[in-house]
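Presented below is the structure to which this report refers.
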Amino acid sequence: MKQLVITILGQDRPGLVEDISSAVLNHHGNWLTSNLSHLAGHFAGIIEVAVPAEHLQELQDSLHSLPQLEVRIETGSDALPDTPAEQLNFVITGNDRPGIIQELAGVLRHKGANITHLNSKQQSAPNWGVPIFSAVATVALPTGMNKDEVVAALEAITSDLIVDIEDA
1 MKQLVITILG QDRPGLVEDI SSAVLNHHGN WLTSNLSHLA GHFAGIIEVA
51 VPAEHLQELQ DSLHSLPQLE VRIETGSDAL PDTPAEQLNF VITGNDRPGI
101 IQELAGVLRH KGANITHLNS KQQSAPNWGV PIFSAVATVA LPTGMNKDEV
151 VAALEAITSD LIVDIEDA
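In full-length UniProt numbering, the protein residues as written are 1 to 168.
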């Protein structure tokens, strides 16, 4: 079996996920993991698929023939990454402003941590009307890294940033 990482971007439309999943199934693929979103009228998705090697080219051709979509297919690595000492879900909330993701990512990189999943959004604060940033980030900490040290470093970015840890 070949592991594939497929990214798809294009104008969203009803039936798009069905078309993609049909292509995978019709070529003996197995849809393993995905993260699909509707953003500003566009479909953006990343999908991990396992497919028998003899059906790889057919699946690639089928996905590339889907109309009005940008499709990129990468072959996954068979090697397992080093297992981190700890994976944590950070729940981050604060006043929104340009550069907040870059600041968070920079602090985590400086600590040697790796963001493995990030969901973020901006919304209006109830009763205030100001934009609020919220994110859930799954972070792999390096061996020996104290999670409280990472929380403190993130909260030091600005006084209005709140960082909680939820069970992974």
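Idealized CB from N, CA, C, for every residue including glycine.
DSSP state of residue i mapped onto helix, strand, coil
i	result
Val130	coil
Ser22	helix
Ile160	The question names Ile, but residue 160 is Asp in the sequence shown. Three-state result, Asp160: coil.
Residue closest to residue i, alpha-carbon to alpha-carbon, out of the options
i	options	result
Ile73	Val5, Gln87, Glu149	Val5
His38	Val51, Pro14, Val49, His28	Pro14
Leu25	Ile46, Ala44, His55	His55
Ala53	Asn119, Ile115, Ile100, Gly76	Gly76
Glu58	Ala23, Gln11, Asn35, Leu118	Ala23
Terminal residues of the beta strand (DSSP E) in which residue i lies
i	result
Glu70	69-75
His42	42-51
Thr33	30-39
For residue i, the first and last residue of its enclosing alpha helix (DSSP H)
i	result
Asp61	56-64
residue 247	Nothing can be reported for residue 247: it is not among the residues displayed for the chain, which extend from 1 to 168.
Ala105	100-110
Would you call the region 90-105 and the region 130-139 touching, i.e. three or more CB-CB distances under 8 Å? yes
Using 8 Å as the Cβ pair cut-off and three pairs as the minimum, do the region 59-74 and the region 101-111 touch? no
Counting Cβ pairs, one atom from each stretch, are 3 or more of them under 8 Å apart for the region 110-129 and the region 138-148? yes
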